[in-house]
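Everything below concerns the one structure shown next.
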Amino acid sequence: METCVDEIADGIYRISTFFPEVAEPAGFTFNQFLIKAEEPLLFHTGMKHLFPAVSQAVGRVVPMERLRWIAFGHVEADECGAMNEFLAAAPHAEVAHGLLGCQVSLNDLADRPPRPMAHGEVLDLGGKQVRRRVRHLNTPHVPHGWDARVLFEETTGTLLCGDLFTHVGNGPAVTGEDLVERALDAEAAFRQTSCLTAAVTTLRSLADLRPRTLAVMHGSSFHGDGGAALHALADGFERRFGPEPQFVTRHSVLAGEDAPGYVPRA
Numbered sequence: 001m002e003t004c005v006d007e008i009a010d011g012i013y014r015i016s017t018f019f020p021e022v023a024e025p026a027g028f029t030f031n032q033f034l035i036k037a038e039e040p041l042l043f044h045t046g047m048k049h050l051f052p053a054v055s056q057a058v059g060r061v062v063p064m065e066r067l068r069w070i071a072f073g074h075v076e077a078d079e080c081g082a083m084n085e086f087l088a089a090a091p092h093a094e095v096a097h098g099l100l101g102c103q104v105s106l107n108d109l110a111d112r113p114p115r116p117m118a119h120g121e122v123l124d125l126g127g128k129q130v131r132r133r134v135r136h137l138n139t140p141h142v143p144h145g146w147d148a149r150v151l152f153e154e155t156t157g158t159l160l161c162g163d164l165f166t167h168v169g170n171g172p173a174v175t176g177e178d179l180v181e182r183a184l185d186a187e188a189a190f191r192q193t194s195c196l197t198a199a200v201t202t203l204r205s206l207a208d209l210r211p212r213t214l215a216v217m218h219g220s221s222f223h224g225d226g227g228a229a230l231h232a233l234a235d236g237f238e239r240r241f242g243p244e245p246q247f248v249t250r251h252s253v254l255a256g257e258d259a260p261g262y263v264p265r266a
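Sequential numbering from 1 applies to the sequence shown in the UniProt record's numbering.
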């Protein structure tokens with residue numbers, strides 16, 4: 001198992017571990033993103049058993065003891081499974097998450113009190129040459145958890161979009177190629193999105209940010225017209241999975257069920 005580190009935007013690093021046995025035959029990547037700043041921020045921690053590899057990768061970019069913020073999209077093992085290991089290794093680090101997620105989960109789960117954030121609130125990460133600011137945006141039930149959120153790094157226009165645009169395979173760290181159809185294929189298989197109406201509305205709202213880079217948790221990140229990609233994904237959801245009553249009754253291959261319309265691609 002190899003963990004790779006690549007800079008996908010100025011000062012934003014993708015830490016990626018490939019698991020060939022997940023989503024065979026294509027395999028699956030689990031990615032974390034590190035923003036290098038006066039107060040470095042790690043988005044996603046990975047699962048607990050990945051902590052040795054991910055923490056070593058973080059240390060290749062910034063000293064672990066300098067890590068200031070730990071963030072993630074929602075409470076789930078691959079998002080925050082190693083949260084407390086990072087808190088132990090970085091004595092000044094705090095978990096920053098949405099108010100709802102702090103209330104229902106993190107006030108109990110985190111070994112140190114989390115820092116709750118309101119919708120639209122900005123976290124200033126500082127920086128002497130390039131000042132980094134990340135904006136917290138609630139995206140409830142998109143893709144799944146009610147505490148779901150994304151972060152938008154304003155300086156580079158990078159949307160840390162978590163499970164949005166999930167796709168299988170071990171492609172390049174960042175690409176300019178269209179990810180939409182591959183993301184729709186993964187949605188057909190995994191059924192990770194809980195509400196079609198919420199997904200379409202949220203994707204179109206995020207498109208208004210006009211991101212230049214999409215930092216994707218599973219698969220390659222995207223550099224290009226992120227707004228157009230988000231609109232295209234919303235269009236694809238409506239075209240391929242509507243109407244809502246059919247959307248919410250779909251099957252998931254992760255539950256050992258057949259997923260109609262899904263053809264695995266290497």
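No residue lacks a Cβ here, since even glycine has one placed at the ideal position from N, Cα and C.
Quiz item: Out of curiosity, what's the CA-to-CA distance linking Tyr13 and Pro245?
Solution: 40 Å
Quiz item: Relative to the C-alpha of Ala148, which residue among Ala229, Asn170, Pro211, Ser105 is closest?
Solution: Ser105
Exercise. Grab me the residues of Asp185's own chain with a C-beta within less than 6 Å of its C-beta, minus the 5 sequence neighbours each way, in chain order.
Key: none
Exercise. Let me know the secondary structure DSSP gives Ile8 once reduced to three states.
Key: strand
Quiz item: Are there 16 or more other CB atoms within 10 angstroms of the CB of Ala118, so buried, or fewer, so exposed?
Solution: exposed
Quiz item: Alpha carbon to alpha carbon, how far is Met83 from His218?
Solution: 19 Å
Self-check item: Bounding residues of the alpha helix (DSSP H) (the contiguous stretch that carries His218)
Solution: Careful: His218 lies outside any alpha helix (DSSP H) and carries neither H nor E.
Practice problem: Alpha carbon to alpha carbon, how far is Cys102 from Pro116? Give it in angstroms, no decimals. | Solution: 6 Å
Quiz item: For the putative contact between Leu179 and Ala228, defined by C-beta atoms under 8 Å, what is the C-beta separation to the nearest angstrom?
Solution: That belief does not hold up - the Cβ atoms of Leu179 and Ala228 are roughly 12 Å apart, past 8 Å.
Quiz item: Quick one, which of Ala215, Leu42, Ala234, Ala88 has its alpha-carbon nearest Ile70's?
Solution: Leu42
Practice problem: Consult DSSP for Phe18 and reduce its assignment to one of helix, strand or coil. | Solution: strand
Quiz item: Which first and last residues belong to the beta strand (DSSP E) in which residue 269 is found?
Solution: Residue numbering for the chain in the displayed model covers 1 to 266; residue 269 lies beyond these limits and cannot be assessed.
Quiz item: How would you call Glu21, buried or exposed, if buried means at least 16 neighbouring beta carbons within 10 angstroms?
Solution: exposed
Quiz item: Does the pairing of the region 148-164 with the region 120-135 give three or more beta-carbon distances under 8 Å?
Solution: yes
Exercise. Measure the Cβ-Cβ separation of Phe165 and Val200 and say whether it is below 8 Å.
Key: no
Practice problem: Find out if the Cβ-Cβ distance for the pair Pro211, Leu159 is shorter than 8 Å. | Solution: yes
Quiz prompt | Terminal residues of the alpha helix (DSSP H) in which Met83 lies | solution = 83-89
Quiz item: Who are the Cβ neighbours of Ala23 in its own chain at under 7 Å, not counting the five residues just before and after it?
Solution: Val168
Quiz item: If we count the other Cβ atoms within 10 Å of its Cβ and call it buried at 16 or more, is Asn31 buried or exposed?
Solution: buried
Quiz item: In chain order, what residues of the same chain lie with their CB nearer than 8 Å to the CB of Thr213, ignoring the 5 residues before and after it?
Solution: Ile8, Ala9, Ile12, Thr156, Gly157, Thr158, Leu159, Val174, Ser221, Phe222, His223, Gly226
Quiz item: If you count every other CB in all the chains shown that lies within 10 Å of the CB of Asn138, and 16 or more means buried, which is it?
Solution: buried
Self-check item: Straight-line gap, Ser194 to Pro143 (C-alpha atoms, nearest Å)
Solution: 6 Å
Quiz item: Which class does Gly242 belong to by DSSP, given the choice of helix, strand or coil?
Solution: coil
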